[in-house]
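Residue numbers (the working numbering): -5 to 350. The beta-carbon is built from N, C-alpha and C at its ideal position, and this holds for glycine as well. Report on one structure; see the data block that follows.
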Ligand code: SF4
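This is the structure in structure tokens:
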């Protein structure tokens, strides 16, 4: 298998009690190239996850997450609470204890070969980032892309990882046989803030260059301008600069939404805010006083601010794919989603996505 050739720099047999209980744990590994990070290599029993109630709340019904936890370490990451299994916490452990499904492509191959598999679209990047740094070591995505395309399964990829560029030739070939949608998540266009709130991610500049590379490979590329952070990135000046840079990079369209803070994430985010922007703590406490979502009034205000800017930068041109839920390449069936806002997620009428 692809991961058998990995050279390990050190092995730690059972660093975490919860993980050590797993009967599919192969080993836990630390290596100098990934200082502070432990990879827990597991043999996955399944690769495809079914999303319950997808037709009502999600534009996709199936997902693949080759990794759990994410070294991109975004402070606002909505997936943090999913790490609270097996005694891992949603703070530092989410950033530093990465579960790697080393056999994901092999398992996926068996799953898509079943007669019952009807080839619905599969989404990657809905929970943790498939092109996080670990992918440079484990190279799981090429096998996943080949397996999906080879079985005739459409797919979408959402990432903050410039490592996507490595696989663009392969993905471009896949797009010749199945519908494929690519999206790059770029929320912060202020380098200091970006490094502070997304400390493990490639720079905004590197991600914009990846958007350009996607377009040069002949594929559409949507930019996810989310989350928009109240009082930090919601000024006209920042949003205009963000959309201008996305457009200049070649983005096909933009989707956006305001920050939402689930329980667990909210504590982690507020601790960061207290350290980095103490002057905003009371404002955020008010904005998110009633729970996870920014108030409807704020979201409507943000929409009014965004719409003319999106039009100005001509980022409302592409239409969403009915097949993958992402941006449709030429010739692919189009859906009826409004391109600058995601379909309704969460509470009725809400536009907060369950993506990152
Ligand atoms: S928001 Fe995305 S890229 Fe950032 S830590 Fe979460 S999964 Fe990783």
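| Item | Value |
| --- | --- |
| Own chain partners of residue 147 with C-beta closer than 7 Å, once the 5 adjacent residues on each side are dropped | 106, 113, 116 and 172 |
| Endpoints, beta strand (DSSP E) assigned at residue 174 | 174 to 179 |
| Start-to-end residues for the alpha helix (DSSP H) that takes in residue 163 | 162 to 168 |
| Presumed contact (8 Å Cβ cut-off) between residue 304 and residue 237, rounded CB distance | 6 Å |
| Element boundaries [beta strand (DSSP E), containing residue 216] | 216 to 222 |
| Supposed contact pair residue 215 and residue 176 - C-beta distance, whole angstroms, cut 8 Å | 5 Å |
| Between the CA atoms of residue 230 and residue 57 - distance to the nearest angstrom | 35 Å |
| For residue 106, the three-state DSSP class (helix, strand or coil) | helix |
| Neighbour-count burial assignment, residue 157, 16 or more Cβ in a 10 Å radius | buried |
| The alpha helix (DSSP H) enclosing residue 199, as first and last residue numbers | 198 to 210 |
| Buried or exposed (CB count within 10 angstroms, at least 16 for buried), residue 44 | exposed |
| Near the ligand SF4: residue 154 beta-carbon under 7 Å from a heavy atom | yes |
| Burial state of residue 282 (16 or more Cβ within 10 Å) | buried |
| Where the alpha helix (DSSP H) through residue 142 begins and ends | 135 to 144 |
| Own chain partners of residue 20 with C-beta closer than 8 Å, once the 5 adjacent residues on each side are dropped | 35, 36, 37 and 96 |
| Assigned exposure category for residue 423 - 16 Cβ within 10 Å defines buried | Since the first and last residues shown for the chain are -5 and 350, residue 423 lies out of range. |
| Cα-Cα separation between residue 246 and residue 17, rounded to whole angstroms | 45 Å |
| Given 8 Å, three or more beta-carbon pairs between the region 20 to 29 and the region 68 to 88 | no |
| Among 260, 167, 42 and 224, nearest to residue 100 - alpha-carbon criterion | 42 |
| Residue 156, DSSP secondary structure in three states | helix |
| The region 180 to 198 / the region 133 to 146 touching (three or more Cβ pairs under 8 Å) | no |
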